[in-house]
Amino acid sequence: MNQTDNTTPHFADAVVTSDFDALTQSGLYVGYNAKGAPLPSHQTLIWHARTTREYQISITQRTSAKGSTAHLWFRYRASTGWDEWYKIETVPKPYVEPSIVAAAGMIMHISDLPGVPNKTLYSKAPDKRIMPASITKVLTAVTAIRVLTALRIDLDNYQIAVTSADEVGGSGNNVKDGDIISFKDALKNMMLPSSNSTATAMARSVGSELVAGVGERVNHLKRFITEMNSVAADLGMANSNFNNASGLASSGQFSTVSDITLLMIEAAGLLQITDIWGAGSDKITITGPNARIENVTHSLKMIADPDVLGGKSGTLTPAIYSASLLIQAPSGNRIVATVLQSNTATQRYTDIRTMVDAVVSGVDWPIITPQLRGR
Numbered sequence: 001m002n003q004t005d006n007t008t009p010h011f012a013d014a015v016v017t018s019d020f021d022a023l024t025q026s027g028l029y030v031g032y033n034a035k036g037a038p039l040p041s042h043q044t045l046i047w048h049a050r051t052t053r054e055y056q057i058s059i060t061q062r063t064s065a066k067g068s069t070a071h072l073w074f075r076y077r078a079s080t081g082w083d084e085w086y087k088i089e090t091v092p093k094p095y096v097e098p099s100i101v102a103a104a105g106m107i108m109h110i111s112d113l114p115g116v117p118n119k120t121l122y123s124k125a126p127d128k129r130i131m132p133a134s135i136t137k138v139l140t141a142v143t144a145i146r147v148l149t150a151l152r153i154d155l156d157n158y159q160i161a162v163t164s165a166d167e168v169g170g171s172g173n174n175v176k177d178g179d180i181i182s183f184k185d186a187l188k189n190m191m192l193p194s195s196n197s198t199a200t201a202m203a204r205s206v207g208s209e210l211v212a213g214v215g216e217r218v219n220h221l222k223r224f225i226t227e228m229n230s231v232a233a234d235l236g237m238a239n240s241n242f243n244n245a246s247g248l249a250s251s252g253q254f255s256t257v258s259d260i261t262l263l264m265i266e267a268a269g270l271l272q273i274t275d276i277w278g279a280g281s282d283k284i285t286i287t288g289p290n291a292r293i294e295n296v297t298h299s300l301k302m303i304a305d306p307d308v309l310g311g312k313s314g315t316l317t318p319a320i321y322s323a324s325l326l327i328q329a330p331s332g333n334r335i336v337a338t339v340l341q342s343n344t345a346t347q348r349y350t351d352i353r354t355m356v357d358a359v360v361s362g363v364d365w366p367i368i369t370p371q372l373r374g375r
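The sequence shown runs 1 to 375 under UniProt numbering.
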């Protein structure tokens with residue numbers, strides 16, 4: 001938005017923060033009407049108002065002409081003299097920490113403002129080590145994208161040939177020895193029906209690119225797993241270890257909600273992933289001796305919810321039901337909601353909803369509607 005723009009501000013860019021030092025360092029200006037009803041110190045609305053201060057905001061509480069319950073109002077003023085008020089639809093409720101069944105859970109707000117860090121809004125057992133199950137495939141995808149991009153290999157034309165060694169069974173068991181699948185369709189098959197065999201084939205194939213010229217004595221799959229752990233370390237996943245690409249149960253493979261959240265934030269910035277994991281269903285084309293088109297469906301049941309932008313589930317029966325979702329909160333903010341080791345497939349989604357509902361009501365607020373205040 002520039003000085004001459006007289007359109008309604010894009011309120012989805014607003015965030016909630018109390019880190020005023022970070023705001024100052026990043027060049028943001030906070031205007032607050034101290035004469036209005038004071039807001040909780042941890043809940044202050046800010047806006048993209050630069051140090052030039054050509055934009056200013058203030059928040060105040062006013063009672064309507066009919067004497068009904070007071071509402072908070074958001075004031076936006078540009079240096080051109082444009083001056084309007086907008087109603088904040090909901091006054092924040094007292095925050096009640098959610099109670100979830102899952103062994104661990106976390107919600108983190110993804111900051112879209114330079115210099116303002118991501119903020120943890122809720123956590124339970126953030127460092128508890130738990131098998132990540134098929135959420136592992138998100139790291140497999142991130143690693144493969146990084147490797148092929150670094151090697152300047154065209155992702156659009158990269159083909160993966162499935163071998164019998166890749167057929168590891170389990171979920172998404174729809175590819176066989178001799179099948180050839182594009183990189184994009186392989187991502188679809190990993191992110192939607194959660195194909196273990198496709199994840200293994202991708203890891204082995206991309207691993208072969210890493211050892212090109214080194215010699216065939218280097219195990220391609222193991223080389224890729226090593227790279228997965230290097231990428232995890234680079235993302236700050238300090239309490240994780242991976243020894244397969246699919247997430248099948250394996251002693252010594254573990255992660256935490258803190259680390260999975262970091263992984264999901266990285267994935268949320270990759271179009272190759274976000275263009276796929278928000279779809280409820282899709283088609284993939286398989287070439288080779290048994291050429292065919294396969295219909296694939298997302299294993300994440302909450303993908304149909306209007307606020308869910310994407311995500312990945314992970315299941316190891318009978319004890320581990322996990323999921324990590326990218327969600328658009330009512331405030332417009334993007335949050336990552338993760339639960340690990342809930343006790344049933346249904347309960348993991350109930351746990352996520354419990355966390356999200358508590359956070360958007362008591363921490364990640366307000367909801368702003370472009371309703372002009374009567375003059």
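C-beta atoms are modelled at their ideal positions from N, C-alpha and C, and glycine is treated no differently.
These numbers come from a predicted model, not from an experiment.
Separation of I320 and D112 (C-alpha to C-alpha, rounded to the nearest whole angstrom) is 33 Å.
If you draw a 10 Å sphere on the C-beta of A150, you find fewer than 16 other C-beta atoms in it, and that means exposed. Between the beta-carbon of L187 and that of I276 there is about 6 Å, and that keeps the pair under the 8 Å contact cut. Beta bridge pairing from DSSP links Y321 with T315 and S342. If you look at S281, you'll find it in the beta strand (DSSP E) that goes S281 to T287.
Exclusion of the five residues before and after N243 leaves I225, S250, G252 and Q253 as the residues of its chain whose Cβ lies within less than 7 Å of its Cβ. Annotation for L210: V147, R223, F224 and E227 place their beta carbon closer than 7 Å to its own, counting only its chain and skipping 5 residues before and after. The Cβ atoms of K312 and V138 lie closer than 8 Å to each other. In the DSSP annotation of this structure, the continuous segment of the alpha helix (DSSP H) that includes L139 starts and ends at T136 to A150. Under the three-state reduction of DSSP, T256 is assigned to coil, being neither helix nor strand.
If you look at S230, you'll find it in the alpha helix (DSSP H) that goes H220 to D234. In the three-state scheme derived from DSSP, where H, G and I count as helix and E and B as strand, G105 is classed as strand. In the pairwise beta carbon analysis, the stretch 161 to 178 is classified as not touching the stretch 263 to 271: fewer than three pairs are separated by under 8 Å. Excluding the 5 residues flanking it on each side, D179 has same chain C-beta neighbours closer than 6 Å at V162, I286 and G288, in chain order.
Taking Y122 as the centre and dropping the five residues before and after it, the same chain places the C-beta of I107, M355 and V359 closer than 6 Å to its C-beta, in chain order. Annotated three-state conformation of K119 is strand, per DSSP. Shown here, V359 sits in a helix according to DSSP, grouped into three states. Between N157 and F183, the alpha-carbon positions lie close to 8 Å from each other. In the three-state reduction of the DSSP assignment, G207 falls in the helix class, which pools H, G and I. For A161, the three-state secondary structure derived from DSSP is strand. Between G314 and A323, the gap from beta carbon to beta carbon is short of 8 Å.
For N243, no alpha helix (DSSP H) run applies, since DSSP gives it neither H nor E.
Contact check for Q347 against A104 fails: the beta carbons are separated by 8 Å or more.
8 Å or more divides the Cβ of H298 from the Cβ of L155.
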